[in-house]
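Q:
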Amino acid sequence: MNSQFKRGIIEMCVLKMISREDMYGFQLIDTISQEVEVNENTVYPILRRLTKQGLFNTYTKSMSIGAPRKYYSLTDEGALKLNEYESEWRKFLDGVYRILGGNEDEK
Amino acid sequence: MKSKYLEDLSILLDDYQMDAFEKQDIISDYSEMYDAWVDKGLYEEEVEKKLGHPRSIIKDLTEGHRKVERPLPGSEKVIALSPFVATIIFLILGFGFDLWHPGWMIFLIIPVIAIIMSMGKTKEDHLTTALSPFGATVIFLLLGFMFDLWHPGWMIFLIIPVLGIWNSRYTMRKIDLLTALSPFVAVIAYTILGFNGYWVEGWVVFMIIPMFGILNYPNKKVMLLWELLLIGGVAGYLYIGLYLDSTWQYAWLAFIPFALFSLYKSDWNIDGDIPNGYRIVIASSLLAFLAVGFFFHAWVISWLFFLAIPVYAITTEVGNKEKLVALSPFIALVIFMLVGYFFNLWHLSWIAFLIIPMTAIIKNT
Chain S
893 MNSQFKRGII EMCVLKMISR EDMYGFQLID TISQEVEVNE NTVYPILRRL
943 TKQGLFNTYT KSMSIGAPRK YYSLTDEGAL KLNEYESEWR KFLDGVYRIL
993 GGNEDEK
Chain Z
120 MKSKYLEDLS ILLDDYQMDA FEKQDIISDY SEMYDAWVDK GLYEEEVEKK
170 LGHPRSIIKD LTEGHRKVER PLPGSEKVIA LSPFVATIIF LILGFGFDLW
220 HPGWMIFLII PVIAIIMSMG KTKEDHLTTA LSPFGATVIF LLLGFMFDLW
270 HPGWMIFLII PVLGIWNSRY TMRKIDLLTA LSPFVAVIAY TILGFNGYWV
320 EGWVVFMIIP MFGILNYPNK KVMLLWELLL IGGVAGYLYI GLYLDSTWQY
370 AWLAFIPFAL FSLYKSDWNI DGDIPNGYRI VIASSLLAFL AVGFFFHAWV
420 ISWLFFLAIP VYAITTEVGN KEKLVALSPF IALVIFMLVG YFFNLWHLSW
470 IAFLIIPMTA IIKNT
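Chains as they are written, first to last, in the working numbering: chain S, 893 to 999; chain Z, 120 to 484.
1) Could I get the ranges of all uninterrupted alpha helix (DSSP H) runs contained in the segment 191-231 of chain Z, with 4 residues as the minimum, in chain order?
2) Who are S/N949's beta bridge partners in DSSP?
3) How many Å lie between Z/A479 and Z/L227 at the Cα?
4) Mind checking whether Z/V281 and Z/F253 have CB atoms under 8 Å apart?
5) Please confirm if Z/W387 has its CB atom under 8 Å from at least one CB of chain S.
6) Quick check: is the beta carbon of S/G946 nearer than 8 Å to any beta carbon in chain Z?
7) Pull up the distance between the alpha-carbon of Z/F425 and that of Z/W223, whole angstroms please.
8) By how many angstroms is the C-alpha of Z/F303 removed from the C-alpha of Z/I571?
9) From Z/Y153 to Z/G171, what distance separates their C-alpha atoms?
10) Please state whether DSSP places Z/M330 in a helix, a strand or coil.
11) What are the partner residues of S/M915, as DSSP defines its beta bridges?
12) Give the secondary structure of Z/K440 by DSSP, where H, G and I count as helix, E and B as strand, and everything else as coil.
13) To test your reading of the DSSP string, which unbroken alpha helix (DSSP H) runs of 4 or more residues are found completely within the segment 274-356 of chain Z?
14) Could you give the residue range of the alpha helix (DSSP H) that holds Z/L372?
15) Counting only C-beta atoms, is Z/K169 closer than 8 Å to chain S at any point?
16) Check distances from the C-beta atoms of the segment 176-206 of chain Z to those of chain S and list, in chain order, the residues that come in under 7 Å.
17) Can you tell me which of the three DSSP states Z/K186 falls into?
18) Just mark S/L972 as buried or exposed, buried being the case when its beta carbon has 16 or more other beta carbons within 10 Å.
19) Under the DSSP definition of a beta bridge, which residues are partnered with Z/D135?
20) Taking its Cβ as the centre, do 16 or more other Cβ atoms sit within 10 Å of Z/F214, making it buried, or is it exposed?
21) From which residue to which residue does the alpha helix (DSSP H) around Z/H416 run?
22) How many angstroms separate the CA atom of S/E996 from the CA atom of S/D986?
23) Which class does S/T943 belong to by DSSP, given the choice of helix, strand or coil?
24) Are Z/I177 and Z/L246 closer than 8 Å when you measure CB to CB?
25) Let me check understanding here. Comparing Cα to Cα, which of Z/P476, Z/Y149, Z/I475, Z/L467 lies closest to Z/W269?
26) Do S/S965 and S/I910 have their C-beta atoms closer together than 8 Å?
27) State the DSSP-derived secondary structure class of Z/Y162, mapped to helix, strand or coil.
28) Take the Cβ of S/S956 as the centre, count every other Cβ of all protein chains shown within 10 Å, and call the residue buried at 16 or more, exposed below.
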């Protein structure tokens, strides 16, 4: 799959996962890589870039065991961006399914 | 080891204009992720593979940040003085030892000093990439003037693209690295074989290029069959030519199974149809290569027709601003080969390669 295209999809997945619950970096990367075939080392730079763009806030949470963890939470701007991505993605998928299922529909 | 990994990452981040807080934040995040993977039970090598080699991730981490220009101390003075120093040395060599030639080569230290002083404390691999054209030129001229080895001495210029690819290895998969290097390895191997009289047999070394390319094919069974057909073709070609009464003109028949299978699998690595323009250029290049080779026995230069493929790709897909720079290596190569082959002026035709840096300088200034 084209790398630019995949990057866009990963961005949307990152936004979606953090919209459901605040996550720390390793947790996000580990969870995404279990669901989607992705090179783990590409996820953190995406996460970082989206944070710089104001789509995530970060905060540190002390743990009972181990060092404190940095958690990511979705901002309002991030929520808007996610809606935008989801809307584009659904339109895109609808078009693809129409083409793929197009021959049967025409019959 | 974690400390080494973070240290390497930190050193690479120092090359970019980034505030200290952001750098520390990145290092801290990677430290946290490193520990998390280790806690999950991975070995350090596996963790570093997951996180990515610092050189392969640095570009994405520093997106939007400019590189720090860090020349060596006093570099401006050294660069400014270098032409005068070169002139003095040249005059000493000339008047003192009558070494006007090859003493003039001392002037090549001017751009070399400028590169070393400007790049300063940059990472060693970029420095060698930048210096390779000059190193190659000096070695080529010494081989030519001292040993009359203009051919195959020209092969030293292949070190330039090879070093460029090698120094990008951290951003590539290993298979992509081997695929990228394979054409140059093939050219060197074929020239050495040809120099020893094996021009007819030796061209099969170019089959390492598709051999590495096929390794990218996702279906492993198909990939294996494809490789076996190619290896069989090579073995068959050599057997027919060497052991069946030197029937080289029929030896290529051994590649028919491979060629047919390749046509059958012609959607390999292509997202959609090949535009008609490319089909025409590829077919024309192949026909021209075979025609000039068979009718004029000019195989030494007939392969140049294949350059039409990347040239066509550049003229159709590269923006106007970058087109001339992108085309310059091909233009230089064609001039070099034609002048060398038809006029036997290999010791002068290499000058054509100066078109490449000149075009880049004109475009960038």
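Glycine included, every Cβ here is placed at the ideal spot set by N, Cα and C. In this text the structure is predicted, and so the values were computed from the model without any measurement.
A: Quick look at the numbers:
1) 194-210, 219-222
2) According to DSSP, S/N949 bridges with S/S965.
3) Distance between Z/A479 and Z/L227, taken at the CA atoms: about 18 Å.
4) no
5) Any reading at Z/W387 must be qualified, since the residue scores a pLDDT of 46, below 50, and its modelled position is unreliable; the value itself is stated next. Cβ-Cβ to chain S under 8 Å: no for Z/W387.
6) no
7) 37 Å
8) No answer is possible for residue 571 of chain Z: the residues shown for chain Z start at 120 and end at 484.
9) Taking C-alpha positions only, Z/Y153 is separated from Z/G171 by approximately 11 Å.
10) helix
11) S/Y964
12) Of the three classes helix, strand and coil, the one that applies to Z/K440 here is helix, per DSSP.
13) 278-285, 293-314, 318-321, 327-333
14) Segment: none, Z/L372 is in no alpha helix (DSSP H) and carries neither H nor E.
15) yes
16) I176, D179, L180, E182
17) strand
18) It is exposed - the Cβ of S/L972 has fewer than 16 other Cβ atoms within 10 Å.
19) Note on residue identity: the sequence assigns Tyr, not Asp, to residue 135 of chain Z. DSSP, once it has assigned bridges, lists Z/K186 as partnering Z/Y135.
20) Exposed: under 16 other Cβ atoms inside 10 Å.
21) Where Z/H416 is concerned, there is no enclosing alpha helix (DSSP H), given that its DSSP letter is neither H nor E.
22) Confidence in S/E996 is poor, its pLDDT being 47 and thus under 50, which makes the residue's placement unreliable; the coordinate value appears in the next sentence. Approximately 15 Å, taken between the alpha carbons.
23) helix
24) no
25) Closest option to Z/W269, Cα to Cα, is Z/L467.
26) yes
27) coil
28) exposed
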